Structures are given as structure tokens and as C-alpha cells.
Amino acid sequence: MSIFAQLLEFIGDPAHWSGPRGIPVRIFEHVWYTALSLGIAALIALPVGLLIGHTGKGAFLAISIGNAARSFPSLGVLTLLVLAVGLGLTPVLVALVVLGIPPIVAATYEGIRGVSPATVDAARGMGMTEFDVLRRVELPIALPLVISGLRSSALQIVSTATIAAFVALGGLGRFLIDGLGVRNYAEMVTGAVLVALLAIAVDLVFALFSRIVVSDGLTGRAPAPSADTDLAPATTH
Amino acid sequence: MRWDWIQNNLENIGELLAFHLYLAVVPVVLGLALALPIGFLAVRWPRLYPPMLATSGVLFSIPSLALFIILPGIIGTQILDPINIVIALTIYAGALLVRPVADGLRSVPDHVRQSATAIGYERWRQVLKVELPIALPFVFAGLRFVTVANISMVSVGALIGIGGLGELFTDGFQRNFVTPIVVGMVLSVALALIADSVIVLIQRVLTPWARAGRSS
Amino acid sequence: MIKFENVTKRYPGGTVAVDELNLTVPPGKITVFVGPSGCGKTTSLRLINRSIELTSGRILVDGRDVTSVPAVALRRGIGYVIQHGGLFPHQTVIDNVATVPYLLGWDKKKARARAHELLERVGLPASFAKRYPAQLSGGQQQRVGVARALAADPPIMLMDEPFSAVDPIVRASLQEEFLRLQQELGKTIVLVTHDIDEAIKLGDNVAVFAEGGKLAQLDSPARILANPADEFVEDLVGRDRGYRGLSFVTAHDLPVHPVPTTALGASTADARAAVRDQRWVLALDADRRPLGWLDVSQSDMDTVDTVESAALLSVGATFTGDSSMRRVLDGALASPAGYSVGVDADGAFTGAVSTAEVAQHLASQDRVSVEPL
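Protein chains in written order, with our numbering: chain A, 120 to 356; chain B, 350 to 565; chain C, 1081 to 1453.
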């Protein structure tokens, strides 16, 4: 039976759409774990990245830790934490947050550091406080990179949350791990496809978000100057 | 930590380590072989560049465990066949490397490209002898990223029975036994750092000019 | 010799970069293509080595249509220098210079020997051979670029804004050296620039391009300054073209007159007596070569008994009969005394001339002479 037929058969069974083990619940769980972990990771990582980027202090340490963190196998982190702390939601969330932090710190730092020194100099020269410089100049210019850091982090968390089914977490990973346990390929494939779709959806959400919040002046989407723009009345927005 | 367990299992650990290295490195090589021509085409025909980026972004966003499971259904292999891991990681490596390859080729200054043409390089020789060498720092940055990512990703394969050092994680977890997990972590991280250093070393040998500007 | 016959380059979309260009580049001379950006000068240059393919018409190099030769072979026989040098950042200086010999299949030893010879020729020490381009200054990179273009001894050189990426002082010295090199080598050179001063300084012939890829005027620099073909060329050479034109008039017939002179160690009182109510005395050395101007009206003159070199002000540029009137005028305008100082072939003082006298002399000629030097 082809992969698509198995997929359709599993999805087509109404029994798989209800109850605490149904597809909607699993999707909700997965999204919930991801949002929660990403939120906590961002609360920690954003200020750290902004501070390091703005002051340039501690950059080496932060980058080194970030690089080292990338080499940590997520399955190892998960199993180790759960064995150390015990089964339950908390150790898994801790693992997800820990793995979600480095991409945000690194990207935020890179973004702030990438702002032209002339621009920052001009901002200070106009009398902005350091906080103003960060909030009104550096952050908006760094925003595309900050968002791409959040996106990497979110994808990392979606992926790790899938694996976390192995250490008894809910979410879509359950279909993969449970299906594997009983050699039910249809169930595994369904879980895998749903996780892949969820990841792609997360990717799209961030692309859309970036499009909305990033200034057109930074993306090249602003219309090219034409001869009469300069003369247009200032009431056009 | 139970040191005696390590002593008793040295041979097994060595095998897992070697297999881990194989599962991580072969896809990087294959991925680079894929990314070079694709990246080149995307530079040659700029209209291909945005869709290429989008495709590689989507491919890379798919969680590895999902890809390990979907792949056999698509290409008809057995689910426990190591080839699935190799192909999946090759897809990631290729997807990740097309961008550095394309960006590297695009970084060749126009005046350099122009003078290579005007000097009388044939097209293929210009790409091989001038453009590709200048793109190398970008390609190597990509290679470092991909190799480190692959080494940590291989472990996930343990969930479907093929994971190199990852098998130490599943094994340790199921037996509620920390030692193998720590050993697996240490070896995996060490492998990543060593592989990274080796790539940096190769890069230094191949691109002595890249450091020239800074040393003077 | 390079000949453009009715050459047109039209891009898909209709933009005409070069429009029916007819032009001959004489052998052994420097022909400069000059004009504002978008006038087709660079396109015209790049049509010659087929970096860009023409739409219609033809280009002959030594009587042969460039399209009759494979592009790669054609290019290896034509030297090419561009802004920033176009050096390969991943190769050492010596390998950069030896590129074309390598491509032509010379053996490595011969190619490198040739490259070393050329480095010396463009004034770079042999110790630079093993460096990478990033370790050189802009001017040095540009010299390497010229050396690379000369490597296979091509009879023709194409140069696209070769000196515009360096600062004005370095540019001036590169230009001087380039002219000296050309005197030795006698290549057929086409040079593109947007800088009319550079065109006038370097060109044996200057081709002025107007917008839309049309040739506005092809002439010697002196004639372009004196007789601009139309308003466009006149605008390009600018309002000070009369002054620039002085570059092409010699000081041969310029009358000079003596001024009070003194020598180092002579008494200041004597010097003062010699000038009577004037301010400036010219100090000469034992061979009558000018050393500097002395201002005898200076307040501390009373306290100094003899003429000291520390008290002298620079004479500035001196001139001979072969110098241009521009140099004479420059000398007079820059001199503290208001005089330009003339010397003979040995550097001995012959006489001086003031700004007003230069102007009078020029006015007495019919008009600024336009005979080329």
C-alpha cells in the first residue's frame, strides 16, 4: 500500500479525530509546547542578544556557547534531563527552552552588530539616549535577523518536541513513537506528515510576520523613486 | 557515572562512533556535490535564486525524524535501512549548502569576473579557477555549519534504530542508566568540535589569500 | 590599428548604447574615449575584445574582423586593465601577472620570469611577488593590473578607467609613469575615462562621446580645447578651457626680465640697497641657480646681518623655453613675489616674468595658439 493510501486511510478514520489521542488534540499540544517554549526562550534570549549586540561585551562568550550548543544532540539533552529530573512536562520544557535560546541570541547579536556605526553615531549625535538608540534605531534595523532567529528557534523546538515523544511528551511525535512501537507505518507516516506540515506552517507564519513588521526601507520593497515623488503632497499616507 | 561500563563496552562504543561519523560525513560530501551545480545554476540564472532559496528553506524546516519516516515511503526502502538517514541528511546538507555556494559565487567582484573574461579564460576554466576559489570562504562557512548540524542530528536516527551514538541515548534512557548518555553526549560534541577544526584547517590550506589582507 | 565601422550596440529592450560609431584608433598611440556616464564609451571599449558582442557593423583589428577569431584567442592577444585592477584575490601578485602566459601554455618558469621582469618595469619591488592583492595599496594594485596586461606583450591594450580608483596624488604619479612606459613600449592603447583632464593629459587623440552612444568629436587634445565641435563638447571641456589650452603653448617667445638678486651669506644691507623701494630679492647659488625669494621688508631684517637660507621662500616651479605657458602662469600665481622664474637647460636663472606680463604676452599673440606641441 502506498504511503498516500496509508496516510489517507489513517486520516479518514473518524476514530483518530476524537478523544485525548486524536489528531486535533495532538496538534494543539504540539503548538502549545512550541509556543510556550519559544516564548520563554525569547524572554531570556532577546534581552541578552540585544545587550551583547549593543555593548559588544561578552560577544565571544555568547557566540562560543551558541556554537557549542549547536553541537549538542537534542535527543541526548532530552534523555539526560529527564533521567536527572524525572518524567514530566517540566524537564522536557526546560530542554526545549535551552535548545531554543542559542539561535535567538546569535541572530539578535548579529543583527544589532550589523547596524552601520555611522547610523548609530548619527542617532547619538541627534541626542538619543542609549535606550533610544537601541529601541528606535538598532532594533528596527536588526529586526529581519531577529525574526529569522526566532524562526530558527521555533523550528528547532518543533523538531525537538517531536523527538520528546520518546520521553513521554504528548504532541504529534506520539504518532511516530507509538506507531513505531506497534509497527504501524500508517500512524507513523501520518504523524510525520503532520509534523512536517506544522513546521512549514510555522516557517510561513514567520515569513509573513517579517513582511508585516519589517520596514519596507530595509527590504527593497519600497517603490523606486520616481521623478515626481519628491513633489507629491505630504498627505499621501 | 560507571567507569567500568565504559571499559566493558569500549569496542561497542568505538563501533557506534565510527558509524556515527560515517552517517554524518557521507551526506555532507554528497550534499556538497549536489549544491555546487545547483548553486551555480542559481547564479547563472538569477530568476532561479528566489525559488531555490524557498525550496531549501522548506526542506530544512522539516523535522529530521519526520523525514526519516516519510522517506522510505516515498523511495521504497525498508524503514530500518541506514540509507534513509544518509539520504535525509544529504537532503538537509544540500538544502543548506546551495545558499553559501550561490552567495559565494555572487561575491566574486564584477571587476574580477570582467577581467578574467577579458584576459581570455574559457567559461568553464573561469568558473573553476577564478570564481569557485573566491567563493570558497562562503562554502566553507556552510560546510562547518552543516557538518556540526549533521553530527548532532544523526542521533535522532536512534529512535528508528539507526543512530550511531544516539543508540547510547535510547539505551541509557530505557535502562534508566545515565552513563551511556553522558558518554554519547561527550563523544558527539567532541566529534563535532574535531570535525569543525579539521574543516577550518582544510580551509586555511586551501585559502591562504583569505587571511592575507588582515595580516598586513 | 583598430577600426570601428558603423558599429551599433542595441540591447534587448531597445536601449542603444553605441550608435553607428565610425572611428579609427591609430597604432602606437593613446586614444582616449571620454564622456559622461551612459555615453557608450565603456561599451565601445568592451566591444573590441568582445566582452560585449556588437549588434551591427564591424570592428577590425589590424584589418581582421574581431568576430572571425575565437573570442578567447582574441582576448589573450589584447591587454586589459580596469578600475581596481580586477586582480584575482586568491592568487599571489606573481601568479596574477603570469595569468595570460599560463593560459597561453608557457611553462611555469618562463611565465614567472616574465612576470618578475614586468613587476620591475611597473616599479614594484621583487619582494611583492609573493603577496596577495589584499596586501597592496590601491596604487600598487593598479600597477600589478598594468603588469598583468603587459605580460604576453600584446600590441593592443584596453584600459577602462584604470586610474580612477586611487587618490589624486597617486593618480598623477601613475599617469606620469604610464606615459613614460608608453614612450618605451609604443602600444596601441584605448583608454576610457570620464575625466576630461585625464583625457587631455594622456591622449594623443581624444574621442568625445555624447549621450546615446554618438561620437561628438575625435581630435587631438589641443584642437578639442581650442575648437570644440559643438556645445556639448564645449560644456565638457568646461569654462576654463582657455587656461587648459595653455598646456599646449610653449614659453618659447616669452620675454623675461632681470630682477634684483643676492647670494647666501651676502649682507642684508646690500640686498636691501639693490632692491631700493621693492620687497623681493631672488637668492641664487654659485651656479646662478635660484634658491628662493627673500622678503627684505620683513620686520626682523634689521636684526639679521647676512642672507640665510632659512629666511628664503620657495621659488616654486621654474620654467624653460620648452615649458608650457600653463606652467609659467602657475609659477607666477603661486610665487610669493608674483614672478615666475625662468632658467636655462642647466638650471641657471635667465629672467623672471609676472602674471600681468604673461597675460600681456598671451594677448599680444593673435589668440591662444592652438598648435600642438
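All residues carry an ideal CB built from backbone N, CA and C; glycine is no exception. Just so we're clear, the structure is a prediction, and the values are computed from it rather than from any experiment.
Report task. Compare the C-alpha of A561 of chain B against each of C:L1101, C:A1432, C:P1308 and C:L1216 and name the closest. Result -> C:L1216
Query - Minimum length 4: unbroken alpha helix (DSSP H) runs contained in the region 1133–1199 of chain C - result: 1151–1156, 1173–1177 and 1179–1183
Query raised in the report: beta strand (DSSP E) containing V1105 of chain C: first to last residue?
Result: V1096 to V1105
**Report entry** Distance CB(F1328 of chain C)-CB(A1302 of chain C) smaller than 8 Å
**Finding:** The answer is yes: Cβ separation under 8 Å.
Query - For I440 of chain B, the three-state DSSP class (helix, strand or coil) - result: helix
Query raised in the report: Are the C-beta of G363 of chain B and some C-beta of chain A separated by less than 8 Å?
Result: For G363 of chain B, no CB of chain A lies under 8 Å from its own CB, so it is not counted at the interface with that chain.
Query raised in the report: What residue does the alpha helix (DSSP H) around N357 of chain B start on, and which one ends it?
Result: W352 to N357
Query - Where the alpha helix (DSSP H) through D1299 of chain C begins and ends - result: First-last for D1299 of chain C: K1294 to D1299, but that is the beta strand (DSSP E), not the alpha helix (DSSP H).
Query raised in the report: Do T1273 of chain C and V1114 of chain C have their CB atoms nearer than 8 Å?
Result: In this structure, V1114 of chain C lies closer than 8 Å to T1273 of chain C by Cβ.
Requested in this report: Could you spell out the range, first to last residue, of the alpha helix (DSSP H) harbouring W1360 of chain C?
Outcome: Per DSSP, W1360 of chain C lies in no alpha helix (DSSP H); the unbroken beta strand (DSSP E) holding it starts and ends at W1360 to L1364.
Query - Contact belief for D322 of chain A with S504 of chain B at Cβ below 8 Å, rounded distance in angstroms - result: About 23 Å separates the two Cβ atoms, so there is no contact after all.
Query raised in the report: Hey, would you say L454 of chain B sits closer than 8 Å to V374 of chain B, going by beta carbons?
Result: no
**Report entry** Beta-carbon spacing of A544 of chain B, T466 of chain B below 8 Å
**Finding:** no
Report task. Select from B:I419, B:L397, B:V538 and B:L366 the residue whose C-alpha is nearest the C-alpha of L126 of chain A. Result -> B:I419
Query raised in the report: Is the shortest distance between the beta-carbon of P192 of chain A and the beta-carbons of chain B less than 8 Å?
Result: yes
Query - is_contact[Q463 of chain B, chain C] using C-beta, thresh 8 Å - result: yes
Query raised in the report: Which two residues bound the contiguous beta strand (DSSP E) that contains V1433 of chain C?
Result: F1429 to S1434
Requested in this report: Express the C-alpha separation of I468 of chain B and L197 of chain A in angstroms, rounding to a whole number.
Outcome: Their Cα atoms are separated by approximately 58 Å.
Report task. Could you tell me if V1438 of chain C is buried or exposed, where buried requires 16 or more neighbouring beta carbons within 10 angstroms of its beta carbon? Result -> buried
Report task. Mind listing, in chain order, the continuous alpha helix (DSSP H) runs of no fewer than 4 residues lying wholly within the region 185–273 of chain A? Result -> 193–204, 208–232 and 236–244
**Report entry** Distance, L264 of chain A Cα to V167 of chain A Cα
**Finding:** 15 Å
Query raised in the report: So, using beta-carbon positions, are E1085 of chain C and R1144 of chain C closer together than 8 Å?
Result: no
Requested in this report: Would you list the residues sitting across from H1337 of chain C in a DSSP beta bridge?
Outcome: C:A1432
Query raised in the report: For the alpha helix (DSSP H) that contains W151 of chain A, what are its first and last residues?
Result: I142 to T174
**Report entry** Contacts of F285 of chain A in chain B (Cβ-Cβ under 8 Å)
**Finding:** L508, T519 and F522
Query raised in the report: Exposed or buried, which one is L1167 of chain C when buried takes at least 16 other CB atoms within 10 Å?
Result: Burial call: buried.
Query raised in the report: Quick one: Cα of V527 of chain B to Cα of V479 of chain B, how far?
Result: 52 Å
Query raised in the report: In terms of residues, what are the limits of the beta strand (DSSP E) holding I1082 of chain C?
Result: I1082 to R1090
Query raised in the report: From B:A444, B:T439, B:Y371 and B:S501, pick the residue whose C-alpha is nearest to that of I583 of chain B; which is it?
Result: Shown here, chain B extends from 350 to 565; a query on residue 583 of chain B therefore has no answer.
Query raised in the report: Mapping DSSP to helix, strand and coil, what is V1376 of chain C?
Result: coil
Query raised in the report: Considering G521 of chain B, what are the terminal residues of the beta strand (DSSP E) in which it resides?
Result: Following the DSSP letters along the chain, one finds G521 of chain B in no beta strand (DSSP E) but inside the alpha helix (DSSP H) bounded by residues G515 to Q523.
Requested in this report: If I'm right that M1081 of chain C touches D1142 of chain C with Cβ under 8 Å, what's the distance once you round it to whole angstroms?
Outcome: Right, their Cβ atoms sit about 6 Å apart.
Query - Contact check, G1422 of chain C vs G1431 of chain C, beta carbons under 8 Å - result: Yes, the Cβ-Cβ distance between G1422 of chain C and G1431 of chain C is below 8 Å.
Query raised in the report: In chain order, what residues of the same chain have a beta carbon less than 7 Å from the beta carbon of L1364 of chain C, not counting five sequence neighbours either side?
Result: T1341, A1343, P1370, L1371 and F1429
Query raised in the report: Touching or not, the region 226–233 of chain A and the region 154–170 of chain A, by the rule of three or more beta carbon pairs under 8 Å?
Result: yes
Query raised in the report: Beta-carbon of M534 of chain B versus every beta-carbon of chain A: anything under 8 Å?
Result: By this cut-off, M534 of chain B is an interface position.
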